[in-house]
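Peer 1: My questions all concern the structure below.
Chains as they are written, first to last, in the numbering used here: chain Y, 823 to 988; chain U, 60 to 199.
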């Protein structure tokens, strides 16, 4: 994709969503106010996270070099790389799409797609939310699900890294 | 100020600035999807077949978006209504691991091929994870 195309695609997408809103507005105006309330709440929640993500991006751009990345999560790092992907995904905060630019930045610095896939998969496991899962589904379910999801995330990462050319 | 630090701020700002229209679009889309599809509607879609239920659960979780807490609350309600644990597990796993609504943003930033393969694999894994979890729980 050309640079100019890439910079306009985001705006085309935004315009398409606005058109979608206009269509829904004519069909069911009540849904629009409901979705705008929902949207406003999301914005309120993510603005502080967005600032945090911006800060993290600055830190990554400042400290993370290709050599450092390859040391920790490159091919030579072996099992450590997967541990970093698993733990990193778990402790990362904010909506998934907030992390895409950071992960792209990491990939530009040499990080493999398998690591990115494992990282993204582990975002499903959120330590602060564990009491909530226990409340709804019980402790046995939570423990079993968490272990299986960690194993699955690494399998998925390995499939993407070794089995699929991207 | 350190020149490298200044450069990293400029670089990060450019990345954020590029993301802004996509980010605003995604959030608006999430709001609309949540408003259009009523949460009570989902319960009607499940059957009693372990594979079919996990596929439906994973499928629903894939198109839904939002905080994982919402999926736990919905999943808990589904269980109360007699929907199988395997369907609910696939639903809550796919909710966070598959992102149909975020797919355009993921494709644009991380690459179309990567985004499609990752989301497809995550969908398949949501079914495998659900069936395995429920199977292991049955053994304990």
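Using N, Cα and C, we set each Cβ at its ideal position, and we do this for glycine too.
Which residue marks the beginning of the alpha helix (DSSP H) containing residue 944 of chain Y, and which one marks its end?
Peer 2: For the purposes of this step, residue 944 of chain Y is identified with residue 122 of the first chain, where counting begins at 1. Segment 935-944, the alpha helix (DSSP H) holding residue 944 of chain Y.
Peer 1: Residue 180 of chain U touches chain Y at which residues, Cβ-Cβ below 8 Å?
Peer 2: Residue numbering aside, residue 180 of chain U sits at position 121 when the second chain is read from its first letter. Within 8 Å Cβ-Cβ: 939, 978, 981, 982.
Peer 1: Would you say residue 149 of chain U faces chain Y, with C-beta separation under 7 Å as the test?
Peer 2: To locate residue 149 of chain U, count along the second chain from 1; it is residue 90. Judged by the 7 Å Cβ criterion, residue 149 of chain U is not in contact with chain Y.
Peer 1: Rounded to whole angstroms, what is the Cα-Cα separation between residue 83 of chain U and residue 108 of chain U?
Peer 2: On the second chain, residue 83 of chain U is found 24 positions in, with the first residue counted as 1. On the second chain, residue 108 of chain U is found 49 positions in, with the first residue counted as 1. Spanning the two alpha carbons is a distance of roughly 39 Å.
Peer 1: What does residue 67 of chain U touch in chain Y if you count any residue whose Cβ is under 9 Å from its own?
Peer 2: Indexing the second chain from 1 puts residue 67 of chain U at position 8. Residues of chain Y passing the Cβ test: 879, 880, 881, 882, 883, 884, 885.
Peer 1: By the criterion of Cβ-Cβ separation under 9 Å, what are the contact partners of residue 932 of chain Y in chain U?
Peer 2: Taking the first chain and counting its residues from 1, one reaches residue 932 of chain Y at position 110. Going along chain U, no residue has its Cβ under 9 Å from residue 932 of chain Y, so there is no contact; the nearest lies around 15 Å.
Peer 1: Along the segment 152-165 of chain U, where does the CB come closer than 7 Å to a CB of chain Y? Name the residues.
Peer 2: If the cut-off is 7 Å between Cβ atoms, the segment 152-165 of chain U has 152, 155, 156, 158, 161, 163, 164, 165 near chain Y.
Peer 1: So, does the CB of residue 923 of chain Y fall closer than 7 Å to a CB anywhere in chain U?
Peer 2: Your numbering for residue 923 of chain Y matches position 101 in the first chain. Judged by the 7 Å Cβ criterion, residue 923 of chain Y is in contact with chain U.
Peer 1: Taking the C-alpha atoms as reference points, what is the distance between residue 187 of chain U and residue 81 of chain U?
Peer 2: In the second chain, the residue the question calls residue 187 of chain U occupies position 128. In the second chain, the residue the question calls residue 81 of chain U occupies position 22. One C-alpha to the other measures close to 32 Å.
Peer 1: Would you call residue 88 of chain U buried or exposed, if buried means 16 or more other Cβ atoms sit within 10 Å of its Cβ?
Peer 2: As a working note, residue 88 of chain U is residue 29 in the second chain. It is buried - the Cβ of residue 88 of chain U has at least 16 other Cβ atoms within 10 Å.
Peer 1: Please report the distance separating the alpha-carbon of residue 981 of chain Y from that of residue 848 of chain Y.
Peer 2: Position 159 of the first chain, counting from 1, holds the residue named residue 981 of chain Y. Position 26 of the first chain, counting from 1, holds the residue named residue 848 of chain Y. Spanning the two alpha carbons is a distance of roughly 46 Å.
Peer 1: Helix, strand or coil: which one does DSSP assign to residue 159 of chain U?
Peer 2: By 1-based counting over the second chain, the position of residue 159 of chain U is 100. Residue 159 of chain U: coil per DSSP, three-state reduction.
Peer 1: In whole angstroms, give me the CA-to-CA distance for residue 135 of chain U and residue 72 of chain U.
Peer 2: Locating residue 135 of chain U in the second chain gives position 76, counting from the first residue. Locating residue 72 of chain U in the second chain gives position 13, counting from the first residue. Distance between the alpha carbons of residue 135 of chain U and residue 72 of chain U: 41 Å.
Peer 1: Does residue 188 of chain U have its Cβ less than 7 Å from a Cβ in chain Y?
Peer 2: Taking the first residue of the second chain as 1, we reach residue 188 of chain U at position 129. So, interface residue.
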